[in-house]
Structures are given as C-alpha cells and as structure tokens.
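The block underneath contains the structure these notes are about, expressed in structure tokens.
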Amino acid sequence: MQIIHRVSISSTPEIRSELAAMGVVVGASGLVTFEVDESFDAWPALQQWIARRGAVDIVSTKFSKKELGDARWFALEPDWHHGYPQPDEGRLGYREATFEVSDFCEQCGIGLKQKAPFQMKSEPKWGRNGILQLHWVFDEFFVMPEVWRTVFHPNGIGCRPVLDAKGAELKTVVQLVVREEVGVGVEGLTAERCARCGRVKFLPVTRGAFPPPANEPSVRMVKTREYFGSGASAHRRVLVSQDVVQALAAEKVRGASVRPIAVRLDRG
Ligand SMILES: [Zn+2]
Numbered sequence: 012m013q014i015i016h017r018v019s020i021s022s023t024p025e026i027r028s029e030l031a032a033m034g035v036v037v038g039a040s041g042l043v044t045f046e047v048d049e050s051f052d053a054w055p056a057l058q059q060w061i062a063r064r065g066a067v068d069i070v071s072t073k074f075s076k077k078e079l080g081d082a083r084w085f086a087l088e089p090d091w092h093h094g095y096p097q098p099d100e101g102r103l104g105y106r107e108a109t110f111e112v113s114d115f116c117e118q119c120g121i122g123l124k125q126k127a128p129f130q131m132k133s134e135p136k137w138g139r140n141g142i143l144q145l146h147w148v149f150d151e152f153f154v155m156p157e158v159w160r161t162v163f164h165p166n167g168i169g170c171r172p173v174l175d176a177k178g179a180e181l182k183t184v185v186q187l188v189v190r191e192e193v194g195v196g197v198e199g200l201t202a203e204r205c206a207r208c209g210r211v212k213f214l215p216v217t218r219g220a221f222p223p224p225a226n227e228p229s230v231r232m233v234k235t236r237e238y239f240g241s242g243a244s245a246h247r248r249v250l251v252s253q254d255v256v257q258a259l260a261a262e263k264v265r266g267a268s269v270r271p272i273a274v275r276l277d278r279g
C-alpha cells in the first residue's frame, strides 16, 4: 500500500528553497500543490516541515491489487456527497423528521436512530454515479433502484423508500438498510470522549487499512458499533464483504470506493 500526501501551500522564494533542499521542486509564488509518498526518503523531514509551515496535507491510501483481492471485508467510502437531507435544511429539520432524537447529543453528534424515511429535495442528479451519500449523513448510502436490484438485493441487503419533502416516494433512489452492528478493533485510533454525554468516538481512519471487526458478521453489510468523526459530527462506518465489492465492480457502479480491512479474519 502507498500512503500519499497531497500538500498545498502559498509559496515564497524561501519556501521554494526549503522544499528544493528536500528534493521537492515547486514555483516561488502562488498556491503550489505537490504529492508525496511516505516511502520518499525525505518524508520524515518533509512531515516536520509540513507541521512547521502549516501546509494543508490531505492524505490518501492506494492499495495494491493483491491487497484488495486478499481482503474479505472493506469499509465503504463515498466518492461524492449529493444534496442535503430535507426538510428545512437551514434548521437541520431532517433530524427530527427522520430520527428518534431522545438519545442524541448535540455536542458530539452521537445517538440518532432512524424512525422515518429520508427526504430529498428531488430525484438525485446521478450523472454517471449509481451510489451516493447525502451531505451531513455519513453512515447511510443511497442507490439507484437498479443498483439495489443487481448488487445489493442478491447479497441479502434490503432497501427502503426515500421521499420528497411533500411525502411522495422518489422513483430513482432508495436507501440501503443496514441492520447489523459489529465492534471493530480500536487500538491505535484516537479517541475523543464527549464532555457532555461521556460517550466516545474515534477520529476517522484516513490512512492505511480499516481496523478489523471483532467477529465475522453474519450478513454482508454492517455498521460499526463504534462512532467516528470530530466536533459535533459522528457516524458509524459501513462495512461490506468481498461479495458486495465484487458485485459493485461487476456492475461497474460508480460513486463509492472501498478501503480494505487490516487483518484477515481467519487469522484471528
Ligand atoms: Zn455527547
């Protein structure tokens, strides 16, 4: 696997020469962006430089074909977010319309339980994509009905309708229903305990593999019992089995990527 950093900073002659000394060539003015792999010799020095200079650093991981082929479980990650949950998006009206909020904590974002269908403004503008996430709702995936029928239904995954804000059922989108939860290994993750409700969430996993579940799920799509996020945002990660990933690839569904899970379950 390759861990890649996309680094951006507003350049000056001084910054240009500091970077050149580490083997990175950029312009002397304006916003410059470069990509660097952690296996690069000067990475440790560059990492300190990024922190010292306050450069923007966006990390991503490229997995090899073998790593992807060997993994039995994956975290499903959206490539895009489309639209906002309704109604009354200026006042986050979707929360009370869609969720049971008695256990919800506004400070950390933990504790929403879905009680009603999601509402969207209108039919999604899918473009070439077949799976999406809404803004703000990072633990639910929505698909075209055709994608549900060809990919998810054969893998035992259910769906539920999505409505417009007037209550009419949308025709080109359904929500995937994920019922089972599984605990994952949290060693090495950064935990944050909410000062208000005392519950814990973890910083999202943005580099490397996703931690493994404690036991083999009995279905092919699950959510983590643990919450991830920062500030007032919290979500559970959605995990899918290799069968689902293969079906997504076979149907050439665009709109989401997968992050392999670290350890093969059968080794535990
Ligand atoms: Zn809380």
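Under my numbering, the first residue of the sequence shown is numbered 12, with each subsequent residue one higher.
Glycine included, every Cβ here is placed at the ideal spot set by N, Cα and C.
Small disclaimer: the values here were computed from a predicted structure and weren't measured.
Do residue i and residue j have their C-beta atoms within less than 8 Å of each other?
| i | j | result |
| --- | --- | --- |
| T290 | L181 | Given that the chain is displayed from residue 12 to residue 279, the structure contains no residue 290 and the question cannot be resolved. |
| F85 | V251 | yes |
| F74 | M12 | yes |
| I26 | R64 | yes |
| A176 | Q125 | no |
| F221 | A273 | yes |
| C208 | Q186 | no |
| R102 | Q253 | no |
| M33 | A56 | yes |
| R265 | R160 | no |
| P223 | E78 | no |
| E121 | A66 | Rather than Glu, the amino acid found at residue 121 in this sequence is Ile. Against a cut-off of 8 Å, the Cβ pair of A66 and I121 comes out as no contact. |
| P228 | V173 | no |
| N2 | V193 | Residue 2 is absent from the structure shown; the chain starts at 12 and stops at 279. |
| K212 | A245 | yes |
| D68 | V18 | yes |
| Q118 | A206 | yes |
| A258 | I142 | no |
| V255 | V162 | yes |
| E203 | S241 | yes |
Looking at the unbroken alpha helix (DSSP H) that takes in residue i, where does it start and where does it end?
| i | result |
| --- | --- |
| R160 | Per DSSP, R160 belongs to no alpha helix (DSSP H) and is neither H nor E. |
| V256 | 253-261 |
| T183 | Per DSSP, T183 belongs to no alpha helix (DSSP H); it is in the beta strand (DSSP E), 180-188. |
| E78 | 76-81 |
| R106 | 105-109 |
Tell me the residue span of the beta strand (DSSP E) that contains residue i.
| i | result |
| --- | --- |
| W84 | 84-89 |
| Y238 | 232-239 |
| E203 | 202-204 |
| P172 | 169-175 |
| T217 | Element bounds for T217: n/a, residue is neither H nor E. |
| I121 | That residue, I121, is in no beta strand (DSSP E); it is neither H nor E in DSSP. |
| P55 | Counting along the chain, P55 falls outside any beta strand (DSSP E), though it belongs to the alpha helix (DSSP H) covering 54-64. |
| R17 | 13-22 |
| D114 | Per DSSP, D114 belongs to no beta strand (DSSP E) and is neither H nor E. |
| I69 | 67-73 |
| R265 | Counting along the chain, R265 falls outside any beta strand (DSSP E), and DSSP gives it neither H nor E. |
| G41 | 41-48 |
Measure the beta-carbon distance from residue i to residue j and round it to whole angstroms, keeping in mind my assumption that it falls under 8 Å.
| i | j | result |
| --- | --- | --- |
| L145 | P96 | 5 Å |
| V195 | E237 | 6 Å |
| V249 | D90 | With 8 Å as the limit, V249 and D90 do not qualify as a contact, their Cβ atoms being about 14 Å apart. |
| G219 | T72 | 6 Å |
| V184 | F153 | 5 Å |
| L87 | V216 | Actually they are not in contact, since the Cβ atoms of L87 and V216 sit about 13 Å apart, beyond 8 Å. |
| E29 | W60 | 7 Å |
How about the stretch 232-240 and the stretch 39-57: do they share at least three Cβ pairs that are nearer than 8 Å? no
Can you pull every residue whose C-beta falls closer than 5 Å to some heavy atom of ligand 1, listed in chain order? C116, Q118, C119, C205, R207, C208
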